[in-house]
Amino acid sequence: MTVPAWRGALDRLCAVGVSRRDAEFPDELYDRVDDLIDAYGAEDIAGIVAEAVVAERATAEQAIVFLNVAAWSGTDNGASMGHTLDEWVRRADDSLRLGIALHHERHPLPTRAEMVVKLTEIARGFPEHRAICERHMARRPAD
């Protein structure tokens with residue numbers, strides 16, 4: 818069985834220790850994110866990064882940082898990945914993916930109206946995500 822080239826790039830990225838609370842990220846982080854995007858052949862790396870967390874190769878905290886950096890590393894400013902993250906929020910069937918999507922550096926979902934309806938539902942069903950849902954709803958301006 819052949820291992821895809823992006824697996825090695827993902828392993829190297831997961832080896833970079835980072836936290837959202839870091840004042841500055843190491844240059845290596847940006848290089849490893851770029852390497853993964855290049856090796857994967859697509860800018861939407863959300864799914865493979867989430868799977869790395871499931872496989873305990875990365876933490877959810879690392880995944881959030883990786884995807885925030887990836888949004889600015891590609892050519893589409895995270896648009897393709899944003900579609901995946903929005904789908905995770907709409908489905909709201911996986912607490913890990915939901916947490917990653919809710920902590921991304923953009924508001925979830927295309928409109929405030931859709932976001933408020935969905936995040937109200939998520940806050941009721943996933944108490945662990947209530948605070949971030951409330952922050953998004955309070956901070957997002959009207960459409």
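Our numbering numbers the first residue of the sequence shown as 818 and each following residue consecutively. Cβ coordinates follow ideal geometry from the N, Cα and C atoms, glycine included.
In the structure shown, what three-state DSSP assignment does L913 receive? Secondary structure of L913 (DSSP, three-state): helix.
I want to know whether the stretch 918-935 touches the stretch 881-894 - three or more CB-CB distances under 8 Å. yes
Should G891 be listed as close to the ligand MG, given that the test is whether its C-beta is under 6 Å from any heavy atom? With respect to the ligand MG, the structure offers nothing, as it holds no ligand at all.
Identify which residue in M898, A888 and A877 has its Cα closest to the Cα of D836. Sequence check: residue 836 is Ser here, not Asp. Ranking M898, A888 and A877 by Cα distance to S836 puts A877 first.
Given E873, which residues of its chain have a CB within under 6 Å of its CB, disregarding the five upstream and five downstream residues? none
Can you find at least 3 beta carbon pairs, one from the stretch 836-845 and one from the stretch 858-871, that sit closer than 8 Å? These segments do not touch.
Tell me whether G899 is buried or exposed, calling it buried when 16 or more other Cβ atoms sit within 10 Å of its Cβ. Counting Cβ neighbours within 10 Å, G899 comes out buried, since at least 16 surround it.
Three or more C-beta pairs under 8 Å: does that hold for the stretch 819-827 against the stretch 849-859? yes
According to the neighbour-count rule (16 or more other Cβ atoms, all chains shown, within 10 Å of its Cβ), is W889 buried or exposed? exposed
Which term fits R907, buried or exposed, when burial requires 16 or more other beta carbons within 10 angstroms of its beta carbon? Counting Cβ neighbours within 10 Å, R907 comes out exposed, since fewer than 16 surround it.
Give the range of the alpha helix (DSSP H) segment to which G827 is assigned. Note that residue 827 corresponds to Leu in the displayed sequence, not to Gly. Note, L827: alpha helix (DSSP H), A822 to C831.
How would you label R914, buried or exposed, when you count the other beta carbons within 10 angstroms and need 16 or more for buried? buried
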